[in-house]
Structure formats: C-alpha cells, structure tokens
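Trainee:
Protein chains: 4
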Amino acid sequence: MSEKTIKAGIVGGTGYTGGELIRLLAMHPGADIAVITSRSEAGRAVADLFPNLRYRISIDFTAPDLAGLSECDVVFFATPNGTAMTMVADLLQAGVRIIDLSADFRIKDSTIWQQWYGMTHTCPELLDEAVYGLPEVYREAIGAARLVANPGCYPTAVQLGFLPLIEKGLVDPASLIANAVSGVSGAGRKAAIGLLFSEIDENFKAYNVTGHRHLPEIFQGLQAVTEQPVNLTFVPHLAPMVRGIHATLYAKLRDTDVNLHALFQQRYTTEPFVDILPAGQHVETRTVTGSNHCQLSIFRPQDSDTVVVLSVIDNLIKGAAGQAVQNMNIMFGLKETTGLETIAMIP
Amino acid sequence: MSEKTIKAGIVGGTGYTGGELIRLLAMHPGADIAVITSRSEAGRAVADLFPNLRYRISIDFTAPDLAGLSECDVVFFATPNGTAMTMVADLLQAGVRIIDLSADFRIKDSTIWQQWYGMTHTCPELLDEAVYGLPEVYREAIGAARLVANPGCYPTAVQLGFLPLIEKGLVDPASLIANAVSGVSGAGRKAAIGLLFSEIDENFKAYNVTGHRHLPEIFQGLQAVTEQPVNLTFVPHLAPMVRGIHATLYAKLRDTDVNLHALFQQRYTTEPFVDILPAGQHVETRTVTGSNHCQLSIFRPQDSDTVVVLSVIDNLIKGAAGQAVQNMNIMFGLKETTGLETIAMIP
Amino acid sequence: MSEKTIKAGIVGGTGYTGGELIRLLAMHPGADIAVITSRSEAGRAVADLFPNLRYRISIDFTAPDLAGLSECDVVFFATPNGTAMTMVADLLQAGVRIIDLSADFRIKDSTIWQQWYGMTHTCPELLDEAVYGLPEVYREAIGAARLVANPGCYPTAVQLGFLPLIEKGLVDPASLIANAVSGVSGAGRKAAIGLLFSEIDENFKAYNVTGHRHLPEIFQGLQAVTEQPVNLTFVPHLAPMVRGIHATLYAKLRDTDVNLHALFQQRYTTEPFVDILPAGQHVETRTVTGSNHCQLSIFRPQDSDTVVVLSVIDNLIKGAAGQAVQNMNIMFGLKETTGLETIAMIP
Amino acid sequence: MSEKTIKAGIVGGTGYTGGELIRLLAMHPGADIAVITSRSEAGRAVADLFPNLRYRISIDFTAPDLAGLSECDVVFFATPNGTAMTMVADLLQAGVRIIDLSADFRIKDSTIWQQWYGMTHTCPELLDEAVYGLPEVYREAIGAARLVANPGCYPTAVQLGFLPLIEKGLVDPASLIANAVSGVSGAGRKAAIGLLFSEIDENFKAYNVTGHRHLPEIFQGLQAVTEQPVNLTFVPHLAPMVRGIHATLYAKLRDTDVNLHALFQQRYTTEPFVDILPAGQHVETRTVTGSNHCQLSIFRPQDSDTVVVLSVIDNLIKGAAGQAVQNMNIMFGLKETTGLETIAMIP
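Protein chains in written order, with numbering that gives the first Met the number 0: chain A, 0 to 346; chain B, 0 to 346; chain C, 0 to 346; chain D, 0 to 346.
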C-alpha cells in the first residue's frame, strides 16, 4: 500500500451493511480503516462480533467521536436513517468526504422525505449539494462530490433495469410496474419477530404494498431522465433467502421494432458492473451474490408490446456497501473496480 | 366407514402430487384407496417410499392394469402429461369416473394443446365432455361430470385472483399481468440438476418468460368469463421453498369507485376454500401450506387505477391433490370440505 | 361433540408451542378451547395472530384470570419458565387438572432446578406430586395425575432412544453421548438477533456445549430406570430448519450378541407413537414433521461394541404440544391417539 | 503477472469442486488456467455454465487430451473416483505435477481402497509416492511431491480436530467418535432425487451409518500419528444447507489437567488456515464459508473426562478446491495464502 492510502471511517459498523463495508475495505488495496464507531459495542473488538474478520481487523469499535472521524479522508455512514444528517455538516467542514448509505440525502425534496421517513430533516441545506451515488448515471458528479447519497437496494436494481428504456423514450413512463423480491438481510440486523428464521423460511409474501419508502426514490431517479410524467406501481416481496434482489419490470413499448437487447448492451457497454446476459438467458440472484454486478435479461413475451426486464443485484453489495466502495473509488480517482473483484460463488 | 365408501384408484403414485393424494385419501373418512399403480415401483410397499405413511397405508404399488382400475368408483391420474389420454376412454366405458391431475384434458382446443405440450393428443373426442375442475366456477358441471380436468397450480391461483374483477367488467382484460412465484415441488419429483438443493437454495429467478404451458390454460379460463379480448403477461418465478404459490396480479381499473374488498368478499362468500383477508393485511404462503385454501388480499396502491391482487395457495393441495379431492367430494355428493380440514402449521 | 367434551384453557397462547396447542385442540374431536390467555395480546382475535386459524377459532386472547381458568377441566401452560409455578396450586384447588409445557415441574430436586434455571422455585411442595409426562414410561401415573410436567423436546427424543438399552442393562450408562440437532422453532417465538433468518440460514453450529438445561432432565429420566450411575455428554446443535429434532445417540454395549432391532421393537410394540424403522433404514426429521411420532433407527457400525441410535421427533408436537394432548387423552380416558392422527407431509 | 506464472490444467471442470477450483484460480495472481476439460461440455464456454465467471474466464471446455494437459505445470483432477488413476502416470512422465481432488490416491493400501470404492485400482504403483495433501501434517513432503492426493472434506475437518490430542497421547485413540454434518454440495452436482431441494429442505438425517468411504481415510490419517490402535465411530449427517462441514468430536481424556486450549493454539500457532476460537466461543459454519480456514473450539463439558472438539470448514474450499490451491502454492514455492485471502461473508 502506498502513501496515497485512503483513510476511511465507518459510523455504525454493527449492522449487515456496516459489516460488509468493513469486509470490503479490509480487502481493499487502496484504503485503510482508521475508525469504526458503534454506540452499543464501543470497546469490543470488531472481530469478536464478526468472527469472519479474525486476524484481518484488529481494531475495536469506538464511540462516535467527531474528532476521530475528522482525521479520515472519507467517512461512511451505515447508520439508521436520521443519524447522518446530524453529523455530516461538521465533517464536511473538517474537510472529510462523506458517503451516506442511509436514506438521509437521497430525496431532493425534504417535504417528500419527511412524509415517507416520518421525521424532520435537520440538514435540508445539503440536499442540493448531495450527489445521488448511482455511477451509471452520475459518475462525473460523484467524482467531484463532497457528499454522496448512496442509493437504496431496490432503487438500484429497478433504475438500472428501466433506465435504457426511459432515456430513449421507448416505453410509456406513466404505466411502469416494478415487482421486486428481496432477501431478508435487506431488513437489517435487528431483533424483530417478523425476521425470525421460523417466520421467514418456507414462506413468501408481499409487504408494504400500499407504499414503500423506496418508491419516491425510484420515482425521482426515473423522472430525472425523462420529461414525460412517470408513474410506477412498486410491489416489494420477501423471499426465504439471505441475500439478493430480483426485480421483474414491466412496461408498455411504444415501438416494438427496436432491438432491445442491443439497446441495453449499448447503454451499458462501458459499465464495469452492469452485465447484459445473452438473449434468452434468465438472470438469477446467486450469480451476483458477493459481487458488485447487476445482471439484466430482457424479454418481450409472445412478441407483445409488453417488455419484461429482469434485474438482479446483491442487496448488500451493489445495493449498499459495494456501490459505496465503487463511489469511493470514483471520488478518489482509483480504478473503479478496485477491491470489488470478488467472483460470486456457485453454489 | 359406511358401505357408501368411495373406492378410489390412483395411477402414478410416486410423484409429489401422487404422494399428497395418497396422504389426503388415507385421512379421508369417505374414501378408500383400492389401488395405487406405478410402473417403476410395482411390488414395493407404498409406505416404504413414503415413510410418513407407515401403518396408515398397507398396500403395495402395482403395475397399471385396466381390470383392477375398472373396479374403482373413481380413478385419479397423477401421471406425467400424455398418459391419462391413453387410458381414460376405456375407464369411462367401464363406468369409472375420472379426475385427471395432469394437463391432458385442460385445454379445449387440441391444436393449442399440441402446440404447447409438444405431442399429439390421442383422445381429442373427450375434450368437449371434460369439465374443468375449478369448483368456484364450474361446481355444478363437476357434480355431473364423468371426467374432470383438474386445474394447474398457477392457473388456480391466478384465476381465483382475477375472476371477480373480470366477471364484473371492472378491469381492462387486455392488459393483465400475472407475476407468480412457486415453490420447487411444483416441478415434481424428478432427478434434474436444476432442482438440486445446491442450485435452488439462496437463489431466486424467473423462468420460461417467453412462454409457460400454464399461459393458455389461464387465458382460456379468463376468456370464458368475459366477451372482451383477454391479454395476459405471465411471468413465473422459482423461490427457494418447497411449497406454495404466490401470485401478484396487476390490472387497470375502469372504475376506481368500487369497493374492491367488498366485491371479492361477496363473490366468494359461500366458497369454503377461498378466504379474503381483512383489508390491509398481506397474504403469505405458509398460512395455506397443507391446507386447501386460497387466500386473497386486494390493494390499490397510491389510490391509482392499478389494482393489485395477491393470491396464495399450496401448489400441491389447492393447486393439485386437494382440489382433486374437493372435486371428488362434489362428484360423489359428499360435503365439499370432507377430508380437507387440516389446518396449516405455523411455523 | 358429546356432553363429555373436555373444556380446555391455555395460558400463554402466543408462542410457537401455544400456537400448536391451539391448532391441535381446534382439530380435536373431544375437546373445546374455552379460554386462551396472553398478557401482551389480550383483546386481539387469536386468528389475527395466527391467520391459519381463521374460521376455526373465533375467540380472543384474554388477560390471565384465575376465575375464568378455574372453570376449565384442564389448563395447559405454554408459558416461559417461572409462570406456571405461581398459578398451579390455586387451579388444582379449584379442581382443574394441569399440563405444564414449561420446565417448572420437570425436575424433582428443586436445588438442581434452581441451579439450572436461575430462579427460586416458588412451589416446591408440588414437585413430588407432579408426574413426568412421558407416556412411554409413566402412562399409568399420568392417567391418575392432577399435575403433569410435559417433557422437554430434547429429553423426549433422547430418552426414547436410550431407554430400551438402559432398562435392560445392555450398555454402560456411565459413558453415554447424546449428539442432538434441533430446528430453530425450539428456541421459541422471541425477538432475538441470534434467531434471525440471516443468522441461521446456511449455518450450522453447536451451542451450550458447557451445559444445557435439558441435561439434568435427561439425566433424571435415565437414572430413574437403572441403579447404575448414569453419565451423559449432551451436545445440542442448531440446524437451518424450522422444526425437528434429530438425536444421534452413542453407547458402549456390554453384550454384542443381542438383537438390538428386535429389542427396540419389543419394547415399543404397543406404543402408538414410537415407530422402529426397518433395519438399515435411516430416520429423517421430515417424516415426523406435524406428527406426534418418534421414529428410531438402530445401528452397530462395523459390528463394533458401539451402538448408534437415531431418534427423530417434531420438537413442537411429540416434543411439546402433541405430547401434551396425548397426556390429556390419557388423563381423561380418551383413546390416546385422538386428535393426533395427522400424517406428516412429504415433501 | 510475471513469467513465473504457473500454467494450470483442470480435468473435470463441471462439478461443484471443479467450479470452485476455476473460480479460485481465476482470482489467483500467480496462476493461469490453460485448459479445462469436460467430456460432456466440450466446446461450451465455461462462463456459459458458470455465469458468475462471465468476463473472468474466456476459454471453452475441451475434451480431455493428454497432449494439451502435458503442457501444463500442474494438472488438477476434479473428476469422479477412478478417472485420475488412468491418466496420472502419463502426465507425470511428461513432467506435469498432479493434484488429485478425487479419492484415487488417498488410501495407501490398495486392497482397502478397492473394498470401499468398489473398483480395481489401475495404478497401485504410485500409491507409495503420492503425498497426502494435508499441509498441517505433510507440508514438507507436499513441497517436494510430484503427485498430491488432496484430502476428503470430512477427513480434513475430523483430522484437524483430533490431531493435537492424538499426537500428544492425551486421549484414548481406541474410542473416538466423530459426529459430522455436511451441507449438500458435498454430494456433488449430480441429478439424484435424494439431492433435490424438496427432499433436503426442512429435513435432517444421518446417512451411511454402517460405513462411509471417508472412514478408512480418517483412520489412516489418525493411525499415522500414533502407535496405539485407533478406533473410530464416524456418523455423517446431511443438513439443509449448501456448504459447510461441522464435526463434533468426542474422546476420552487420559489426563484432565492439561490446558487443552493452549495445546491446540500451540499446535497450530504457525498455521495460516487453522484458527482456534477464544475459549467458550462456539464455531459456526458460516464464518468459514468461502474461506480456506478451519476453525476449532475445544470444550470439556461438566469438567468430565470427555473432551469435545468442534471443527468447521467449507467443504468445497478447505475441504476440496481451496486446499488444492494451498497445496499448489506449497509445491511451487509461493506464499501459502496466495489467492486464498477471501474473507467469509456475514450474513
């Protein structure tokens, strides 16, 4: 490691997203973890909570402390919603760059944010500056950003699947359907009866059909690339698996003569982490588990005017910690794939 | 058991559907299993293949034999597609009533059947007479039928969810979407690498997006209850669980002032096996596992003109063996719920 | 149902054991549930918490109330340890018979109980009277009992596997090993991070190797049938499944000429719920899931002097609620299998 | 990569072990895969069968061909038993070094091998030369070997757990018990009904209790480090998970005054891939999934004379492909951990 090593801090290192961030940074050749904070676990060895990190991480969790974090080059927030917005301004002033994995800076309109997240936004003045961390759309801005709002897991999978169609005006953006399925780790590492093994295994269900917090985020992202009004029905489901998001996207084509497969390939041809499967092949979640890739399949069943896009990601990697590291790489001028080259295991 | 006990035969008793049929009939107070045939297992004790049936079933599998089957009151076919159509005519002539759990007599148009099932139909002359065994639509005809075509699993879940809307003309039947998820037992008990635990666990995927055999069956069922042209996009998925089908159905409402919940309750008010959950509650597959119930939830997210219906069944019970027993009960004048009163286990 | 119907009360109906008890009693032809108490859910419909019971149970949870419970013929305690011992004396005085599914009355020696359960026993005077509810050993006493201590799940599986060997003095009781594996539902329906799907799935581990509360219970049960000193190493494990206990039992044979298979068959020949598999066949947990059976296999690998007994039960049925109903049947003179005839589902 | 890059060939690249070997070598900085053979998939792109390898492996499977393999520095056999023994002699003569992941060269006594594997050994003359590839015992010999017999998965977990005790004579080697549990991938990628998801999920069972092929391998390995007669009861089990082996080992201590934890730490202090957990902490399989580590816990329940060792590995990594790469590193003078630094994911 050279003298240019990035000094990284992590606020909130005890959840699944935080754990993945620690793991990815521990294997990253261009970054060192200087501090990992946790209110509840301060003083405990990180490797004690995550035995997979034994001999790879020797530091302890510490209580959140502005002084310590201010010495970092970059601070990641892997905290519940509502925490980052209380600390970001001070850290920015100290010259630290921020990648926030929570939802605090994802929605530009603080009124909408407050309505969906049920709390007052204490730092609305930074919403404009914050860059939405989806490199496939905002790479340049991310490179220059002080504050990156790392996207949600569903929004990443859904936007990457819809974007090529909407950018080109090929579908009616007013009648989109996103039927998405998530593994349970997306709900986080929290003691809740609904997340128990005995409640989840051998069970499948939809949830929050009347409205999920990721809906306004997806809406904002899609509306940003078209001038026509976007309308989306988004139904999330929970599957009995730990990791993975599978989105099945439906839209009405305006033109059925376009080579959709070629269109997607062209749109993502230079993207290191978006992969279009050969025509006819179906994506599956396991081939991206542990990897930062999004894989896509495109179908037009019975040659009708309905296009079906299948999009898979690992919710904790491309849907959270991996995309955060990808953003760090962009912000600090590293090769974008640095530290993100792990290949998914089969089986 | 009285002298009125139904004498039942099962052709093809070694698959998952056959096994469930044996189990349900073994607990049925009004039926006795006289014969269970299996080409591959002839001579082996049934309880040897299914140790859960030890001390409950004492007979052996026998080779398929027309004479033995002809002495039954009813014969169930739990065979691969293409077998029932070669035996049904002879059994009907012998006065036996037939419940076919395979797809041989589900599609009225033999040309369409042949196109989707890839073989020649050897008994098209009985297609007209065969009654589609969905009691919630064809109860009266089933009661009088000699030959019942037991519906497929996806078609049962999808039709029960869409029917109230289409019968009343409340949605545009030309833009239906059925996003359905199945447990792996739906693929049967066959040695295939794609069905291995190591291929399925911690994995989620769509399959047959270009066209699944249940599409024409669903189409036929929905078209039968409306004069307007039906058009359906049907995307099946495989989830890492053994049992259960969860269908998420999308349709465009023509009238957003209707009380959808009341409409569904009214439509199914006398149905013993269709249960509308209280408004706002989401169905889940486990609450119908092992039971013959279909449970339904109805939503209109963001008060838009898109209605979302959630429909769950146990693919091997209401989607196969349970519905077959329900049909037997109707055909022989028993109370429709006889032998089908098992309550799903939680957890 | 006749006038002889048993009026049953359940204290603590919101856990997995309580839910199973409700389900079994709801299907029981000789018992009615009069009251189900829950401090936390009082006033809520039982079928709201357990949607599988919709239309089968119409009552609400009520707050625990001695008067209401006193009108029952039998009261089941499906409560955390430490609750039953505070209420049993009053209920007995009111003429109610008790089946306690918690551990309060399982251990005869209150000092040992207090050491393992970490609390003071408030009702030691009833320990002598309480009958240990393992019908295969104490059937006669259960029939006459006012207070039955329903056995733990591990102790049921382990004792049924060891008993024939120890009763006959065939093995050295001082060097027993019980290697047992449980599904997660055995830990109950409680919000704990260690029981989350994301912590359990694709994971296997031993726990409490230094000492598990079921050890003194097993010890007491085995010591009761031999005059030689019993010594047992008991290692419990957690497997990524909801239900089932699989115990692999090891002992040193004193005599390798005995026909062990015949011995086990003879010991359990009249037992309705203990089933010895044919020689050479291995038990598996799924064939007893949802059933009240214990299945056993007996091996002597490489014809050595080590006997290996495999024992499986459903931890929530024969290991808890099913055995409780079996005990109720015995106490009230019903056929022992009444309401316990459900056949396990495969798959 | 330097000019010293190792040129590797893989015979049998379509199974789970072969797939892992490809994945590990694709990420290895000191090796290149020159050829991957498969009789059944010759001509197909490797990344087509393993979509996780898209863009990382561009070669096709080829038919097995001695000439092509002879140009490799090292050839791995990831074939069914009985294949390697027909090709190894020719490849050795061509100067190629061999790492055989099958069982062909693991057992020194060809009579015993033939008895357990049910076929004639066609290359017994190389059994003496073959080095058993357990680096923790045979590191030096592996470094000099032309032919390495890579250990089985159970034998790796069981030997690493028992070795410190037996080498020091601390336990009676004549009464060892190894109760081991494996994930399903250990059975390989083969179409068999017993390995279907619907047969495995929510199920737990022992198998091959009368005798498993890994028994003579474990026996040979333990007998090699003691002059006292070894006797072992080995009971393998199948758990509903894809990866992982968990061995629970029981032995009788001759001396209960030894600090067992310190003994294990000392024995493995320089081993890069054996990790002794802090006293009192229980190993679990997921913390080694995807990693080449073996983790161990040591207990003495109730301070008795029975020691319980818990040992976990990933059956496809330290139990197969990872250990093979570790052996390659030793044979070619690379740092032993090269290419094996992936950290297990939690969750």
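Yeah, the Cβ is synthetic: ideal placement off N, Cα and C, and Gly gets one too.
Hey, Val241/D and Glu201/C: beta-carbon distance below 8 Å or not?
Mentor: Yes, the pair counts as a contact, with Cβ atoms nearer than the cut-off.
Trainee: Would you say Met240/C lies against chain B (beta-carbon separation less than 8 Å)?
Mentor: With 8 Å as the cut-off, Met240/C does not count as an interface residue toward chain B.
Trainee: Give the list of continuous alpha helix (DSSP H) stretches no shorter than 4 residues that lie fully inside the segment 208 to 292 of chain C.
Mentor: 213 to 222 and 259 to 266, all fully within the segment 208 to 292 of chain C.
Trainee: Does Phe272/D get closer than 8 Å to chain A when you measure Cβ to Cβ?
Mentor: Cβ-Cβ to chain A under 8 Å: no for Phe272/D.
Trainee: If Ser109/C sits next to Leu125/C, beta carbons under 8 Å apart, how far is it from one beta carbon to the other, in whole angstroms?
Mentor: That belief does not hold up - the Cβ atoms of Ser109/C and Leu125/C are roughly 10 Å apart, past 8 Å.
Trainee: For the alpha helix (DSSP H) that contains Arg22/B, what are its first and last residues?
Mentor: Per DSSP, Arg22/B belongs to the alpha helix (DSSP H) from Tyr15 to Ala25.
Trainee: On the premise that Glu283/A lies in contact with Phe76/B, defined as a C-beta separation below 8 Å, what is that separation, rounded to the nearest angstrom?
Mentor: Not quite, the Cβ-Cβ distance comes to about 33 Å (not below 8 Å), so this is no contact.
Trainee: Around the C-beta of Asp99/A, are 16 or more other C-beta atoms found within 10 angstroms, so that it is buried, or is it exposed?
Mentor: Asp99/A is buried by the Cβ-count criterion.
Trainee: Please determine, among Ala102/A, Pro123/A, Lys251/A and Gln113/A, the residue with the shortest C-alpha to C-alpha distance to Tyr131/A.
Mentor: When each option's Cα is compared against that of Tyr131/A, the closest is Ala102/A.
Trainee: Could you give the first and the last residue of the continuous alpha helix (DSSP H) run that contains Asn326/B?
Mentor: Element bounds for Asn326/B: Gly321 to Met330.
Trainee: Just to make sure I have the definition right: I need the residues of chain C whose C-beta is within less than 8 Å of the C-beta of Glu201/A. Which are they?
Mentor: Correct list: Val241.
Trainee: Could you check how far apart the C-beta atoms of Ala252/C and Leu169/C are, in whole angstroms? I think they sit under 8 Å.
Mentor: The sequence shown places Leu at residue 252/C, rather than the Ala named in the question. Sure, about 6 Å apart at Cβ, within 8 Å.
Trainee: With a CB to CB cut of under 6 Å and the five nearest residues on each side skipped, what residues in its chain are close to Val157/A?
Mentor: Excluding residues within five positions, the ones whose Cβ falls inside 6 Å are Ala177, Ile217 and Ala246.
Trainee: Helix, strand or coil, according to DSSP, for Phe298/A in the structure here?
Mentor: Strand, per DSSP.
Trainee: What three-state label does DSSP hand Arg138/D in the structure shown?
Mentor: DSSP places Arg138/D in helix when its eight states are reduced to three.
Trainee: Given a cut-off of 8 Å, decide if Ile111/B and Phe196/D are closer than it, judged by their beta-carbon atoms.
Mentor: Taking 8 Å as the Cβ cut-off, Phe196/D and Ile111/B do not qualify as a contacting pair.
Trainee: Are Ser290/B and Ile244/B closer than 8 Å when you measure CB to CB?
Mentor: No, the pair does not count as a contact, with Cβ atoms beyond the cut-off.
Trainee: Any beta-carbon of chain D closer than 8 Å to the one on Ser184/B?
Mentor: Yes, contact with chain D.
Trainee: At a CB distance below 9 Å, what residues from the segment 156 to 171 of chain D approach chain A? Give them in sequence order.
Mentor: Hits within the stretch: zero.
Trainee: Output, in chain order, the set of chain B residues within a Cβ distance shorter than 7 Å of Arg96/D.
Mentor: By Cβ distance, chain B contributes nothing, its closest Cβ being about 30 Å from Arg96/D, past 7 Å.
Trainee: Going along chain A in order, which residues have a C-beta closer than 7 Å to the C-beta of Gln227/B?
Mentor: Within 7 Å Cβ-Cβ: nothing; Gln227/B doesn't reach chain A, min ~17 Å.
Trainee: Report the rounded CA-to-CA distance for Asn230/B versus Leu175/B, giving the unit in angstroms.
Mentor: Cα to Cα, the separation comes out at about 6 Å.
Trainee: Below 8 Å between beta carbons: does that hold for His260/A and Ala278/A?
Mentor: Yes. Within cutoff.
Trainee: For a cutoff of 8 Å on Cβ pairs, would you count Gly187/C as touching chain B?
Mentor: Cβ-Cβ to chain B under 8 Å: no for Gly187/C.
Trainee: Among Ala173/B, Gly187/B, Val180/B and His213/B, which residue has its Cα nearest to the Cα of Gln227/B?
Mentor: Of Ala173/B, Gly187/B, Val180/B and His213/B, the residue nearest in Cα terms is Ala173/B.
Trainee: Report yes if the CB atom of Leu248/A is closer than 8 Å to the CB atom of Val308/A, and no otherwise.
Mentor: Against a cut-off of 8 Å, the Cβ pair of Val308/A and Leu248/A comes out as a contact.
Trainee: Are the C-beta atoms of Tyr15/D and some chain B residue less than 8 Å apart?
Mentor: Yes, Tyr15/D counts as interfacial toward chain B.
Trainee: Indicate whether at least one CB of chain D lies closer than 8 Å to the CB of Ile5/B.
Mentor: No - not a single Cβ of chain D is within 8 Å of the one on Ile5/B.
Trainee: I'd like to confirm the pairing. Which residues does DSSP put opposite Lys204/D in its beta bridges?
Mentor: Bridge partners of Lys204/D: Glu283/C and Leu237/D.
Trainee: Using the beta-carbon count (16 or more within 10 Å), is Pro28/B buried or exposed?
Mentor: Label assigned to Pro28/B: exposed.
Trainee: Whose CA, out of Ala66/A, Arg38/A and Asn258/A, lies closest to the CA of Phe298/A?
Mentor: Here the closest residue by C-alpha is Asn258/A.
Trainee: The alpha helix (DSSP H) spanning Ile111/D covers which residue range?
Mentor: Looking at the DSSP string, the run of the alpha helix (DSSP H) that includes Ile111/D is Ser109 to Tyr116.
Trainee: Just checking: is the beta-carbon of Ile345/A within a distance shorter than 8 Å of some beta-carbon in chain C?
Mentor: It does not; no Cβ of chain C falls within 8 Å.
Trainee: Give the secondary structure of Asn51/D by DSSP, where H, G and I count as helix, E and B as strand, and everything else as coil.
Mentor: Of the three classes helix, strand and coil, the one that applies to Asn51/D here is helix, per DSSP.
Trainee: Spatial neighbours of Arg266/C within its chain, please: CB distance less than 8 Å, with the 5 preceding and 5 following residues excluded, ordered by chain position.
Mentor: Once the five neighbours on either side are set aside, the close Cβ partners of Arg266/C are Leu162, Pro163 and Glu166.
Trainee: Classify Asp89/C as helix, strand or coil using the three-state DSSP reduction.
Mentor: The answer is helix: DSSP assigns Asp89/C an H, G or I state.
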